[in-house]
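There are 2 protein chains.
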Amino acid sequence: MNNIAVTQKPERADKTRNRARILEAASAAFAEFGVEAQMDDVAARAGLGVGTLYRHFATKEALVGAMIRERFALILDLARAGLEREGEPFAVVKDVLRGGAGVCADDVAAQDALMAAGDEAWRRAGDILEELQATMQVLIDRAQAAGTMRLDFDSADVSMIMCGVSATMSVDGWDWQRHLEILLDGLAAPGAR
Amino acid sequence: MNNIAVTQKPERADKTRNRARILEAASAAFAEFGVEAQMDDVAARAGLGVGTLYRHFATKEALVGAMIRERFALILDLARAGLEREGEPFAVVKDVLRGGAGVCADDVAAQDALMAAGDEAWRRAGDILEELQATMQVLIDRAQAAGTMRLDFDSADVSMIMCGVSATMSVDGWDWQRHLEILLDGLAAPGAR
DNA sequence: CACAATACGGAAGTAAGGTTCCGTTTGTCA
DNA sequence: TGACAAACGGAACCTTACTTCCGTATTGTG
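Sequences listed follow chains A and B, in order. With the first sequence counted from 1, adding 1051 to any position gets you our numbering. With the second sequence counted from 1, adding 1051 to any position gets you our numbering.
Laid out in structure tokens, this is it:
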């Protein structure tokens, strides 16, 4: 984008530090209040003024977008690790999905915020989401080729079911792990369970 | 509640008519804008002033609560009809769930509004939800007794998975029916599919 | 038909929270 | 160490919606 002028001054140290602080504070704030978390609160937790927050992230949506990126980068790592794994391919798919759900569940309320995030926030993470989808597709292809996974399911559907599971994480008393397991059982090839 | 004085004057005709209009208008507005639908807009669609809207529903939350009631009353009818049906009990459970999802999908964006509704709105529909749950439990018991449905699932989990499916309905390009079918396959007794 | 009683209309009030602005402070480099 | 650019702080601003209030209109009854 703006890397045309390659010889630019390095970023000031406080800026780098503060960006990290903001992201951390935002995680905490969104975890506590969901989407309702307030910019003032995020800034306070980071020990900074709102003005500073806004110089790092021009809008609340941009901040949420950055958080989405971080989270999906984590999940992408899991999926990539799955590519290397030996063993029954459908089992690998299931483990990756369990892992991904785990990442979301680690921080349920922040998850809540992501679910309510606008299109714009998601667009900002578009490249990572695409890569994640491509990786999942490879894993799915393997499992389907092995005959252990149902055929009418692809990487686009992964987002759908993970969104469904995530949506249920924030309700007390609901057991999202069972929800996920039911879904995973449903993903098995007919007769393979 | 306030039916102690049984001999009260009948409601004025315009009041009854307007209440119905508001509910209809609210459906349309929520369908178009989700939770973001505005009270002013609902009033305008009903051809009424905001003041009138507020005399019928004291807060936005109360209005949403009334809508939730209406919707779940419909689903409750489906579940009750399921009680009468002959045939394989797990198939009945599946059909009722498909029907319930259909009711939600009829009006996806309104569904969106319900998902984002606060606790208070849900509490107002508490009695219907309880009855729905009790009815579903009967259907589930039958299916589990027949050995065709997985045993680690009860009526409380119904809300969870339906919420998961509903969360998924409002995204273009996602096939919530497949999502539901995967879940239903996962609900079968192990080895029964 | 007139009179209560009930309901309606919609402008104005209010609260909440995202965003801006500009004076002050901090970091970097010579 | 001094000077300039880059960052910061946070009070004030502005928009957006929900809600209230009270004068006006409608309904139903004797």
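Ideal Cβ placement from N, Cα and C applies to all residues, glycine included. Only a predicted model underlies this, so the values are computations on that prediction, with no experimental measurement involved.
For A/M1211, the C-beta contacts it makes with chain B under 7 angstroms involve T1219, W1225, H1230, in order along the chain. Within the model, the alpha-carbon separation for A/L1134 versus B/I1119 is close to 45 angstroms.
The alpha carbon of B/D1163 has as its nearest neighbour, out of B/A1094, B/T1110, B/V1086, B/F1123, the alpha carbon of B/V1086. Taking a C-beta cut-off of 8 angstroms against chain A, the contacting residues of the region 1189–1216 of chain B are R1201, D1203, F1204, A1207, D1208, S1210, M1211, I1212, C1214, G1215, V1216, listed in chain order. Beta-bridge partners of B/M1200 (DSSP): B/A1239. Around B/D1236, the beta-carbon contacts reaching into chain A at under 7 angstroms are G1237. The C-beta distance from B/V1144 to B/I1212 rounds to 12 angstroms, too long to fall under 8 angstroms, and the pair is not in contact. The distance from the Cβ of A/R1072 to that of A/G1098 is about 7 angstroms, consistent with a contact at the 8 angstroms cut-off. Going by beta carbons, A/A1130 and A/L1165 fall outside the 8 angstroms limit. Exposure of A/G1169 is indicated by the presence of fewer than 16 other C-beta atoms within 10 angstroms of its C-beta. By the criterion of at least three beta-carbon pairs nearer than 8 angstroms, the region 1138–1154 of chain A is in contact with the region 1200–1219 of chain A. A direct Cα-to-Cα measurement between B/R1244 and A/D1203 gives close to 16 angstroms. Between the alpha carbons of A/E1137 and A/R1193 lies a gap of roughly 11 angstroms. Less than 8 angstroms separates the beta-carbon of B/L1234 from that of A/L1234.
By the beta-carbon neighbour count (other beta carbons within 10 angstroms, threshold 16), A/A1064 is exposed.
When the alpha-carbon of A/G1198 is set against those of A/K1060, A/A1239, A/A1080, the nearest one is in A/A1239. Ranked by how close their Cα comes to the Cα of B/F1081, the residues B/L1125, B/T1103, B/V1101, B/V1115 have B/V1115 in first place.
Where B/F1084 is concerned, the enclosing alpha helix (DSSP H) starts and stops at 1064–1084. Secondary structure in the region 1165–1190 of chain A: the alpha helix (DSSP H) runs of 4 residues or longer, each lying completely within the stretch, are 1170–1174 in chain order. By alpha-carbon distance to A/G1150, the top candidate from A/G1242, A/F1108, A/S1217 is A/S1217.
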